[in-house]
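First the structure, in the form of structure tokens, and then the observations on it.
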Amino acid sequence: MLLTLHASSSSADEAAASRLVSVPFVQVHVEDAFWAPRLKTNREASLPHNFAWCEKTGRFSNFDKAAGRIEGAFEGIYFNDSDVYKVLEGASYSLADHPDPSLEKKVDQVIDKIAAAQQESGYLNTYFTLAKPDEKWTDIRRKHELYCAGHLFEAAVAHYQATGKRTLLDVALRLADHIDDVFGPEKRLDVPGHEEIELALIKLHHLTGEKRYLDLAR
1435 MLLTLHASSS SADEAAASRL VSVPFVQVHV EDAFWAPRLK TNREASLPHN
1485 FAWCEKTGRF SNFDKAAGRI EGAFEGIYFN DSDVYKVLEG ASYSLADHPD
1535 PSLEKKVDQV IDKIAAAQQE SGYLNTYFTL AKPDEKWTDI RRKHELYCAG
1585 HLFEAAVAHY QATGKRTLLD VALRLADHID DVFGPEKRLD VPGHEEIELA
1635 LIKLHHLTGE KRYLDLAR
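Below, the structure is given as structure tokens:
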């Protein structure tokens, strides 16, 4: 009897867990005495610093160079694109909780750079576009191409949910479709060297309902 009850309880718990969904961040507003001041510090100090640092270190200008808007070589380490996407994701979370026209304008300007750097195929990675154009997808275990793509996807989902704008989401979907053309059953079956794209593809699937992204995450 005890075993039967335990088994029934476990099955019920598993069924309940399978139905659990996260609360959309756009529906959460923090107003407590501990976290709210820290979110204010993030808005007023951390985000401006991060935008300024991306500018200073060439992370933003890498996209302008890849788009052919300015001349120059790639600056920084090969996964620098991911830092830009992380900053945009963080800014999107902030915009959802605290609308700020000035911050939104900065975000829009960076997204314009990113969109301009995307190739016709949907491929997007400034390191390989500028420094190793003939070596795309040749070293995904170490060179973080899929890792960078994953952070773009997460930023795009957050930006769309926070603002309703598709500017970054459309870029992300084009890259996701390109990756789906390259990888998968009867295509390339390489293993990424750094986890990230898997959860990001699932976020794209949840947002769009596109099953290909869920299948690709597997």
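Each residue of the sequence shown is one higher than the one before, counting from 1435 in this note's numbering.
Just so you know, even glycine gets a beta-carbon here, dropped at the ideal spot from N, CA and C.
Exercise for the section: May I ask you to verify whether the stretch 1577–1594 touches the stretch 1509–1520, counting CB pairs closer than 8 angstroms and requiring at least 3? Expected result: Enough Cβ pairs lie closer than 8 angstroms, so yes.
Handout entry: His1440 versus Arg1576: straight-line alpha-carbon distance, rounded
Key = Low local confidence applies: a pLDDT of 47 at His1440 is under 50, so the model's placement there is unreliable, with the coordinate-based value given in what follows. If you take the alpha carbons of His1440 and Arg1576, they lie about 46 angstroms apart.
Exercise for the section: Assign Thr1438 to one of two classes, buried (16 or more other C-beta atoms within 10 Å of its C-beta) or exposed (fewer than that). Expected result: Because Thr1438 sits at a pLDDT of 46, beneath the cut-off of 50, its placement in the model cannot be relied upon, and the point is left open.
Practice task
May I ask you to report which of helix, strand or coil DSSP gives Arg1600?
Solution key: Here DSSP, grouped into helix, strand and coil, assigns Arg1600 to coil.
Practice task
Rounded to whole angstroms, what's the CA-CA distance from Ala1549 to Leu1602? Just pull it up for me.
Solution key: Roughly 7 angstroms between the two C-alpha positions.
Handout entry: Reduced DSSP category for Phe1617 - H, G, I as helix; E, B as strand; rest coil
Key = Phe1617: strand per DSSP, three-state reduction.
Practice task
Between the Cα of Gly1618 and those of Leu1638, Arg1646 and His1593, spot the shortest distance and give me the residue it belongs to.
Solution key: Minimum Cα distance to Gly1618 is reached at Arg1646.
Practice task
Output the distance between the C-alpha atoms of Trp1469 and His1612, rounded to the nearest integer angstrom.
Solution key: In this model, Trp1469 and His1612 are separated by some 40 angstroms (Cα to Cα).
Handout entry: Helix, strand or coil at Arg1575 according to DSSP, with G and I counted as helix
Key = For Arg1575, the three-state secondary structure derived from DSSP is coil.
Handout entry: Coarse secondary structure for Arg1493, derived from DSSP in three states
Key = Three-state DSSP puts Arg1493 in a helix.
Handout entry: Option nearest Asn1536 by Cα separation, candidates Leu1648, His1639, Leu1481 and Ala1592
Key = According to the sequence provided, residue 1536 is Ser. The question's Asn does not apply to it. The alpha carbon of Ser1536 has as its nearest neighbour, out of Leu1648, His1639, Leu1481 and Ala1592, the alpha carbon of Leu1481.
Exercise for the section: Spell out whether any CB of chain B is found under 7 angstroms from the CB atom of Glu1620. Expected result: Note that chain B does not occur in the displayed structure, where there is just one protein chain.
Practice task
Go through its chain and collect everything with a Cβ distance to Ala1596's Cβ below 6 angstroms, but skip five positions before and after it.
Solution key: Correct list, in chain order: Ser1526, Leu1529 and Ala1530.
Practice task
Output the distance between the C-alpha atoms of Leu1454 and Leu1633, rounded to the nearest integer angstrom.
Solution key: Rounded to whole angstroms, Leu1454 to Leu1633 spans 16 angstroms at the Cα level.
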